[in-house]
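**Q** So that we are looking at the same thing, I have put the structure below in structure tokens.
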Amino acid sequence: MIDCGEGTQHQIKCSQLKSSKLHSIFITHLHGDHCYGIFGLLHMLKAGNRTNPLHVYGPIGIQSLITNALYASGGWNGFEIIIHELGVHGTKYEQDTILNYCTTSETKPPSTSPSQSYHQTSFQVILNPQNKCQFRYKPNQIISLGEIDFGISAFACPITHRVETFGYVFIEKDKEGILNAAKATALGAKGPQMGMLKRGIDVTLKNGTTIYSKDVVGDNIRGKKIAVMQDCSYIDSAFEIAKDCDVLIHECTYDQSHYDNAITFGHSTASMAATHALNLKAKFCCSHNFPGFFFFLHITQKIY
Numbered sequence: 001m002i003d004c005g006e007g008t009q010h011q012i013k014c015s016q017l018k019s020s021k022l023h024s025i026f027i028t029h030l031h032g033d034h035c036y037g038i039f040g041l042l043h044m045l046k047a048g049n050r051t052n053p054l055h056v057y058g059p060i061g062i063q064s065l066i067t068n069a070l071y072a073s074g075g076w077n078g079f080e081i082i083i084h085e086l087g088v089h090g091t092k093y094e095q096d097t098i099l100n101y102c103t104t105s106e107t108k109p110p111s112t113s114p115s116q117s118y119h120q121t122s123f124q125v126i127l128n129p130q131n132k133c134q135f136r137y138k139p140n141q142i143i144s145l146g147e148i149d150f151g152i153s154a155f156a157c158p159i160t161h162r163v164e165t166f167g168y169v170f171i172e173k174d175k176e177g178i179l180n181a182a183k184a185t186a187l188g189a190k191g192p193q194m195g196m197l198k199r200g201i202d203v204t205l206k207n208g209t210t211i212y213s214k215d216v217v218g219d220n221i222r223g224k225k226i227a228v229m230q231d232c233s234y235i236d237s238a239f240e241i242a243k244d245c246d247v248l249i250h251e252c253t254y255d256q257s258h259y260d261n262a263i264t265f266g267h268s269t270a271s272m273a274a275t276h277a278l279n280l281k282a283k284f285c286c287s288h289n290f291p292g293f294f295f296f297l298h299i300t301q302k303i304y
């Protein structure tokens, strides 16, 4: 999931998506329309008896945003929330952070004995497993987040907005080439040998003939690449990793007549989004974040 604005949990309920399949949330920046929905989503997942950990990626401040909100509302005794903060300074966490909190129904302060009867330790937020540092980056440096799930690798790129903001690029692992079963059969391969050839393993038949995988299997199929650039005006740091993406999801807050406003407030015009898509050689560009006045334009009027 990319960003989690207000009401996200309601939209999930109205869709065919299964919240139990949610593995990671990538927050681009900490403006409320991109992250305030995470609290309701967490409680919806908890109500669904979720036990698997949930990974949350985001700029410095996402950890305090989540823990402070849950602390103030009585604490947390649900699944583990693993928070990965993407920041400049690279603070190292020596151990998991456990927040002890006072339940809303108790009145005695933490110093009162016996403390265990009035305070719980069930709220646990893990910051960067295996005691890893926060992700460090130099200006315009791409941050590799590793393989997140299902053969998909994620990358974060600092982009220009009014607050610290990241674009995300997701790259699917290349798939094995297609086996020419007819050709392999004609050469004498059968049964399990087909699978071996598909996996790149050469097969030697009983008569001594060798069938080479490269002769019956096509080239690897390039994995899909999706680049998500939410609120931003410039995405220079993303060009290297996002080039030739299959889909570019890019904000479009203004038309070209409001270019100065776009630059001032760290947003993009339709022309800027299109230029980024062309420079990246994106196969498809999906624009969003349209302002209300776009809907008053004539259907044939160009907005770029």
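Letter 90 of the sequence shown, counting from 1, is numbered 90 in this note's numbering, and no numbers are missing. Don't be surprised by glycine CBs; every beta carbon is placed ideally from N, CA and C.
Decide if Gln230 is buried, meaning its Cβ has at least 16 other Cβ atoms within 10 Å, or exposed.
**A** Here residue 230 corresponds to residue number 230 of the sequence shown, with the count starting at 1. Looking at its Cβ environment, which holds 16 or more other Cβ atoms inside 10 Å, Gln230 is buried.
**Q** Going by DSSP in three states, Ile263 sits in which element: helix, strand or coil?
**A** Here residue 263 corresponds to residue number 263 of the sequence shown, with the count starting at 1. It is helical.
**Q** Considering Lys13, what are the terminal residues of the beta strand (DSSP E) in which it resides?
**A** Along the sequence shown, one-based indexing puts residue 13 at 13. Where Lys13 is concerned, there is no enclosing beta strand (DSSP E), although the alpha helix (DSSP H) it sits in stretches over Thr8 to Lys13.
**Q** Just mark Lys225 as buried or exposed, buried being the case when its beta carbon has 16 or more other beta carbons within 10 Å.
**A** By one-based count along the sequence shown, residue 225 stands at place 225. The residue in question, Lys225, is buried, as its Cβ has 16 or more Cβ neighbours within 10 Å.
**Q** Nearest-angstrom Cα distance between Arg50 and Tyr36?
**A** For this step, residue 50 is matched to residue 50 along the sequence shown. For this step, residue 36 is matched to residue 36 along the sequence shown. In a straight line, the C-alpha of Arg50 is about 21 Å away from that of Tyr36.
**Q** Within its chain, find whatever has a CB closer than 8 Å to the CB of Gly48; leave out the 5 residues flanking it on each side and keep chain order.
**A** If you number the sequence shown from 1, residue 48 lands on position 48. Closer than 8 Å at Cβ, skipping near neighbours: Ser19 and Ser20.
**Q** Taking the straight line between their C-alpha atoms, what separation do you get for Ser144 and Tyr57?
**A** Your numbering for residue 144 matches position 144 in the sequence shown. Your numbering for residue 57 matches position 57 in the sequence shown. Cα to Cα, the separation comes out at about 12 Å.
**Q** Would a C-beta distance cut-off of 8 Å place Ala227 and Val163 closer than the cut-off?
**A** Locating residue 227 in the sequence shown gives position 227, counting from the first residue. Locating residue 163 in the sequence shown gives position 163, counting from the first residue. No, the pair does not count as a contact, with Cβ atoms beyond the cut-off.
**Q** If I follow the unbroken beta strand (DSSP E) through Gly191, where does it start and stop?
**A** Counted from its first residue, the sequence shown places residue 191 at position 191. Per DSSP, Gly191 belongs to no beta strand (DSSP E) and is neither H nor E.
**Q** If we ignore side chains and look at the alpha-carbon of each, how far apart do Lys283 and Ile263 end up?
**A** Numbered from 1 along the sequence shown, position 283 holds the residue referred to as residue 283. Numbered from 1 along the sequence shown, position 263 holds the residue referred to as residue 263. Going from the Cα of Lys283 to the Cα of Ile263 covers about 26 Å.
**Q** Taking 8 Å as the threshold (beta carbon to beta carbon), is Thr160 in contact with chain D?
**A** The structure shown contains no chain D; it holds only a single protein chain.
**Q** What's the gap between the Cα of Met272 and the Cα of Ser153?
**A** Against the sequence shown, residue 272 aligns to sequence position 272. Against the sequence shown, residue 153 aligns to sequence position 153. Straight-line Cα distance between these residues: approximately 27 Å.
**Q** Could you give the DSSP three-state label for Met229: helix, strand or coil?
**A** What you label residue 229 is simply residue 229 of the sequence shown in a count that begins at 1. Strand, per DSSP.
**Q** What's the C-alpha gap between Gly146 and Lys173?
**A** As a first step, residue 146 must be located in the sequence shown, where it is residue number 146. As a first step, residue 173 must be located in the sequence shown, where it is residue number 173. Rounded to the nearest angstrom, the two C-alpha atoms are 12 Å apart.
**Q** Mapping the DSSP letters down to three states, classify Gly149 as helix, strand or coil.
**A** The sequence position of residue 149 within the sequence shown is 149, counting from 1. Note on identity: in this sequence residue 149 is Asp, with Gly being the wrong assignment. Strand at Asp149.
**Q** So is Cys157 buried or exposed if we call it buried at 16+ other beta carbons inside 10 Å?
**A** As a first step, residue 157 must be located in the sequence shown, where it is residue number 157. With 16 or more other Cβ atoms within 10 Å, it is buried.
**Q** Which word fits His84, buried or exposed, when buried means at least 16 other C-beta atoms lie within 10 angstroms of its C-beta?
**A** Working through the sequence shown from its first residue, we reach residue 84 at position 84. Its Cβ being crowded by 16 or more others within 10 Å, His84 is buried.
**Q** Quick check on the DSSP output: what are the complete alpha helix (DSSP H) runs of length 4 or more inside the region 29-94, in order along the chain?
**A** Qualifying alpha helix (DSSP H) stretches, in chain order: 32-35, 38-47 and 62-72.
**Q** With H, G and I counted as helix, E and B as strand and the rest as coil, what does DSSP make of Ala156?
**A** In the sequence shown, the residue the question calls residue 156 occupies position 156. The answer is strand: DSSP assigns Ala156 an E or B state.
**Q** For Gly78, I'd like the list of residues in its chain whose CB is within less than 6 Å of its CB, leaving aside the five on either flank, ordered along the chain.
**A** Locating residue 78 in the sequence shown gives position 78, counting from the first residue. Closer than 6 Å at the Cβ level, and outside the excluded window around Gly78, lie Lys46.
**Q** What are the partner residues of Glu251, as DSSP defines its beta bridges?
**A** The residue you call residue 251 lines up with position 251 of the sequence shown. Paired residues: His288.
**Q** Using only the alpha-carbon positions, how far apart do Asp3 and Val217 sit?
**A** Taking the first residue of the sequence shown as position 1, residue 3 is located at position 3. Taking the first residue of the sequence shown as position 1, residue 217 is located at position 217. Spanning the two alpha carbons is a distance of roughly 40 Å.
**Q** Could you say which of Glu176, Ile211 and Ile178 lies nearest to Lys190 if we only look at CA atoms?
**A** Taking the first residue of the sequence shown as position 1, residue 190 is located at position 190. Of the candidates Glu176, Ile211 and Ile178, the one whose C-alpha sits nearest the C-alpha of Lys190 is Ile211.
**Q** With distances taken Cα to Cα, identify the nearest neighbour of Ser201 among Ser268, Gln193 and Asn207.
**A** What you label residue 201 is simply residue 201 of the sequence shown in a count that begins at 1. Reading off the sequence shown, one finds Ile at residue 201, where the question assumed Ser. Ranking Ser268, Gln193 and Asn207 by Cα distance to Ile201 puts Gln193 first.
**Q** Figure out for me which residue from Tyr259, Ser213 and Gly266 has the closest Cα to the Cα of Tyr234.
**A** In the sequence shown, the residue the question calls residue 234 occupies position 234. Here the closest residue by C-alpha is Gly266.
**Q** When DSSP labels each residue in this structure, what does Leu179 get in the three-state scheme?
**A** For the purposes of this step, residue 179 is taken as residue 179 along the sequence shown, with counting starting at 1. DSSP places Leu179 in strand when its eight states are reduced to three.
**Q** Have a look at Asn220 and Ala181 and give me their C-alpha separation to the nearest angstrom.
**A** Here residue 220 is taken as the residue at index 220 of the sequence shown, counted from 1. Here residue 181 is taken as the residue at index 181 of the sequence shown, counted from 1. Going from the Cα of Asn220 to the Cα of Ala181 covers about 16 Å.
**Q** Cβ atoms of Thr275 and Tyr254: under 8 Å apart, would you say?
**A** The count along the sequence shown starts at 1 and reaches residue 254 at position 254. The count along the sequence shown starts at 1 and reaches residue 275 at position 275. No, Cβ-Cβ distance for Tyr254 and Thr275 is not below 8 Å.
**Q** Within this structure, are the beta carbons of Ser64 and Gln141 separated by less than 8 Å?
**A** To locate residue 64, count along the sequence shown from 1; it is residue 64. To locate residue 141, count along the sequence shown from 1; it is residue 141. No, the pair does not count as a contact, with Cβ atoms beyond the cut-off.
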